[in-house]
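**Q** Order-wise, the sequence lines are chains A and B. First residue of the first sequence? That's 1 in my numbering, and the numbers climb one at a time after it. First residue of the second sequence? That's 141 in my numbering, and the numbers climb one at a time after it. My questions all concern the structure below.
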Amino acid sequence: MRARVAIAPALALAAVSAGCADTIFDAITPPPPSRTAELDDRDRITLSRGVALAFECTYGVYQPGDETCGAATIRSRDPSIAGAWLGHAEELYDAPQWADTPSGQIRTRFVVVGFAAGSTTLDVHTERGDRQFDVTVIDP
Amino acid sequence: MHSSTLLPTALALCAACGTEGALRHSVFTPDCEEDDVACLQAGLDAPIASGGVQALSINLDIPGTGTPSFKLLSADPSVVEVAGNQLRAQTPGVSALVLLTQDDVAVDFLHIWVETPDRIALQRDGEALSGTVELLPGDELLLAVAPYRGVNRLLGEQTAEWSTSSDAVAVLQDGNPRRRRLVARGPGSATLTVRAFERETSLDLVVLP
Chain A
1 MRARVAIAPA
11 LALAAVSAGC
21 ADTIFDAITP
31 PPPSRTAELD
41 DRDRITLSRG
51 VALAFECTYG
61 VYQPGDETCG
71 AATIRSRDPS
81 IAGAWLGHAE
91 ELYDAPQWAD
101 TPSGQIRTRF
111 VVVGFAAGST
121 TLDVHTERGD
131 RQFDVTVIDP
Chain B
141 MHSSTLLPTA
151 LALCAACGTE
161 GALRHSVFTP
171 DCEEDDVACL
181 QAGLDAPIAS
191 GGVQALSINL
201 DIPGTGTPSF
211 KLLSADPSVV
221 EVAGNQLRAQ
231 TPGVSALVLL
241 TQDDVAVDFL
251 HIWVETPDRI
261 ALQRDGEALS
271 GTVELLPGDE
281 LLLAVAPYRG
291 VNRLLGEQTA
301 EWSTSSDAVA
311 VLQDGNPRRR
321 RLVARGPGSA
331 TLTVRAFERE
341 TSLDLVVLP
């Protein structure tokens, strides 16, 4: 236990200085058959019109997904093209012992829906920083 | 009589008839007639017929909390419109239904399909009827109309037009737009014709002396 306490800050410092600490956004729901709902690693979301996608933000100092991103907001710059909301997640985050985030924190989830063909941007703010997502809605 | 015997079975099979939302926080269940066994069993695992209306029940499943007040949003109203607890299927396609709290937190969502029916069928207690039905004077027959696309039974209801070719059989309102009660009045034959979802079907009826 003492060894872990002593080692963790050193590992964190090493990880941060190596540029490993990062917020990670992953899709957590699949698209319906023959439709598109994708979030790629360049912060681009592609949706078929009428389709919804849920995605989650995690933060990893030691490994991806260690921690939740905490409280968040999301805003669509053009709600007529894509709607975006915080997603409810009642699951309690089972953080590893070395994580900064205490166990029991709510996951950070979002839901985006393609309303009309076109492009817009989602502005996401979390306790781990701000991100922008380019959203493209395509006709099915 | 058939309804009373089929209903417990249908309800027993209905234990899994709801469809879980993508985030697994809710269960969407079509409001089915008690005699509509196919609807009871399938849940929302079928497209809704374009032009049809499907009533819906939504149960939230969030541990430790009751159900908050929520609203339902269609991602593509050209495919399916939401009116109260009813889904009104418009044109073929797919649309997400997003379940939002009053302060706009997305609790869950579900994708709904709409298809154009290519036929309708007459059903008694959920079983399709075809050919000729023989009756005795005074016999009653409770029939419903159901939309299909290929082998798929579609969800949704629509007010149907019912007519018979003779007075041997009376067609009576049943209080439910998708059903009629047929009563054999006297010996003779009749062809029952039903039109709904821009499709037509018929059934030959013979009332024996």
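Just so it is clear, CB atoms sit at the ideal spot from N, CA and C, and this is done for glycine as well.
If you follow the beta strand (DSSP E) that F249(B) is part of, which residue opens it and which one closes it?
**A** For the purposes of this step, residue 249(B) is taken as residue 109 along the second sequence, with counting starting at 1. From DSSP, the beta strand (DSSP E) with F249(B) extends over V245 to E255.
**Q** Taking C-alpha atoms, which residue in D216(B), R228(B) and V245(B) lies nearest to L196(B)?
**A** As a working mapping, residue 196(B) is identified with position 56 in the second sequence. Comparing Cα-Cα distances from L196(B) to each of D216(B), R228(B) and V245(B), the minimum goes to R228(B).
**Q** With a threshold of 9 Å between beta-carbons, can F25(A) be considered close to chain C, or not?
**A** Reference to chain C is not applicable here, since the protein chains of this structure are A and B.
**Q** So, are the CB atoms of I260(B) and A308(B) less than 9 Å apart?
**A** Working through the second sequence from its first residue, we reach residue 260(B) at position 120. Working through the second sequence from its first residue, we reach residue 308(B) at position 168. No, these two residues do not count as a Cβ contact at 9 Å.
**Q** Can you pull out the residues from the segment 44-75 of chain A whose beta carbon lies closer than 7 Å to at least one beta carbon of chain B?
**A** R49, G50, V51, A52 and A54: these are the residues of the segment 44-75 of chain A whose beta carbon lies less than 7 Å from some beta carbon of chain B, given in chain order.
**Q** Please classify G192(B): does DSSP put it in a helix, a strand, or coil?
**A** Looking up residue 192(B) in the second sequence gives position 52. In the three-state DSSP reduction, G192(B) falls in the coil class, being neither helix nor strand.
**Q** Looking only at C-alpha atoms, which of L295(B), T331(B) and G224(B) sits nearest to C172(B)?
**A** For the purposes of this step, residue 172(B) is taken as residue 32 along the second sequence, with counting starting at 1. Closest option to C172(B), Cα to Cα, is L295(B).
**Q** Among S34(A), T108(A) and G87(A), whose alpha-carbon lies nearest the alpha-carbon of T23(A)?
**A** Translated into positions along the first sequence, residue 23(A) becomes position 23. The residue from S34(A), T108(A) and G87(A) with its alpha-carbon nearest to that of T23(A) is T108(A).
**Q** Quick check: T241(B) and V247(B), are their CB atoms within less than 9 Å of each other?
**A** Position 101 of the second sequence holds residue 241(B). Position 107 of the second sequence holds residue 247(B). Contact: yes.
**Q** If the cut is a Cβ gap below 7 Å, which residues of chain A does S235(B) touch?
**A** What you label residue 235(B) is simply residue 95 of the second sequence in a count that begins at 1. Residues of chain A whose Cβ lies closer than 7 Å to the Cβ of S235(B) are, in chain order, G50.
**Q** Is the separation between the beta-carbon of T136(A) and that of T46(A) shorter than 9 Å?
**A** The count along the first sequence starts at 1 and reaches residue 136(A) at position 136. The count along the first sequence starts at 1 and reaches residue 46(A) at position 46. Their beta carbons are under 9 Å apart, which means T136(A) touches T46(A) by this criterion.
**Q** Would you list, in chain order, the members of the segment 237-257 of chain B that have their beta-carbon closer than 7 Å to a beta-carbon of chain A?
**A** V238, L240, D244, V245, A246, V247, F249 and H251
**Q** Output needed for A37(A): all residues of its chain with C-beta closer than 6 Å, excluding positions within five of it in sequence on either side, in chain order.
**A** For this step, residue 37(A) is matched to residue 37 along the first sequence. P31, L47, V51 and L53, listed in sequence order.
**Q** For A268(B), count neighbouring C-beta atoms within 10 Å of its own C-beta (all shown protein chains included) and say buried if the count is 16 or more, exposed if not.
**A** The sequence position of residue 268(B) within the second sequence is 128, counting from 1. With fewer than 16 Cβ atoms within 10 Å of its Cβ, A268(B) is classed as exposed.
**Q** Using C-beta distances below 7 Å, list every residue in its chain close to G204(B), excluding the 5 sequence neighbours before and after it, in chain order.
**A** On the second sequence, position 64 is the one that residue 204(B) refers to. None.
**Q** Within the 9 Å Cβ cut-off, does A117(A) reach chain B?
**A** For the purposes of this step, residue 117(A) is taken as the residue at position 117 of the first sequence. It does not: the Cβ of A117(A) has no partner Cβ on chain B nearer than 9 Å.
**Q** Using 8 Å for Cβ pairs, my map puts A215(B) next to V238(B). What's the rounded Cβ distance?
**A** The residue labelled residue 215(B) in the question sits at position 75 within the second sequence. The residue labelled residue 238(B) in the question sits at position 98 within the second sequence. With a contact defined as Cβ atoms closer than 8 Å, A215(B) and V238(B) qualify at about 7 Å.
**Q** Pop quiz: A186(B) and N292(B) are said to be a contact at Cβ under 8 Å. What is the actual Cβ separation, rounded to whole angstroms?
**A** Here the question's residue 186(B) lines up with position 46 in the second sequence. Here the question's residue 292(B) lines up with position 152 in the second sequence. A186(B) to N292(B), Cβ: 6 Å. Contact.
**Q** Is V291(B) close to chain A? Criterion is C-beta to C-beta, closer than 9 Å.
**A** What you label residue 291(B) is simply residue 151 of the second sequence in a count that begins at 1. Taking Cβ atoms only, chain A never reaches closer than 9 Å to V291(B), which makes this a no.
**Q** Put C57(A) into one of helix, strand or coil per three-state DSSP.
**A** As a working note, residue 57(A) is residue 57 in the first sequence. In the structure shown, C57(A) sits in a strand (DSSP, three-state: E or B).
**Q** Could you check if T46(A) belongs to the surroundings of the ligand ATP, using beta carbon to heavy atom distance under 8 Å?
**A** Of ligands this structure carries none, so the ligand ATP is not represented either.
**Q** Return no unless some Cβ of chain A is closer than 9 Å to the Cβ of A215(B).
**A** Locating residue 215(B) in the second sequence gives position 75, counting from the first residue. At least one CB atom of chain A sits nearer than 9 Å to the CB of A215(B).
**Q** With a cut-off of 8 Å, do at least 3 Cβ pairs link the segment 276-285 of chain B to the segment 207-221 of chain B?
**A** no
**Q** According to DSSP, is V113(A) part of a helix, a strand, or is it coil?
**A** Here residue 113(A) is taken as the residue at index 113 of the first sequence, counted from 1. V113(A) falls in the strand class under three-state DSSP.
**Q** Give me the chain B residues within the contact set of G129(A), using Cβ-Cβ distance strictly less than 9 Å, ordered along the chain.
**A** Within the first sequence, the letter at position 129 stands for residue 129(A). Going along chain B, no residue has its Cβ under 9 Å from G129(A), so there is no contact; the nearest lies around 22 Å.
**Q** Please confirm whether L86(A) has its beta-carbon closer than 9 Å to some beta-carbon of chain B.
**A** As a first step, residue 86(A) must be located in the first sequence, where it is residue number 86. L86(A) counts as touching chain B.
**Q** Per DSSP, what are the beta-bridge partners of T108(A) in this structure?
**A** Position 108 of the first sequence, counted from the start, is the residue given in the question as residue 108(A). Beta-bridge pairing links T108(A) to C57(A).
**Q** Along the segment 292-317 of chain B, what residues have a CB closer than 7 Å to any CB found in chain A?
**A** Residues: none.
**Q** In chain A, which residues lie less than 7 Å from V219(B) when you measure between Cβ atoms?
**A** Translated into the one-based positions of the second sequence, residue 219(B) becomes position 79. Those within 7 Å of V219(B) in chain A are G50.
**Q** Suppose contacts are defined by Cβ-Cβ distances below 9 Å. Is G158(B) in contact with L184(B) by that definition?
**A** By 1-based counting over the second sequence, the position of residue 158(B) is 18. By 1-based counting over the second sequence, the position of residue 184(B) is 44. Contact: yes.
**Q** Can you name the start and end residues of the beta strand (DSSP E) that V165(B) belongs to?
**A** By one-based count along the second sequence, residue 165(B) stands at place 25. A quick correction: the sequence has His, not Val, at residue 165(B). Note, H165(B): premise wrong, no beta strand (DSSP E); not H, not E.
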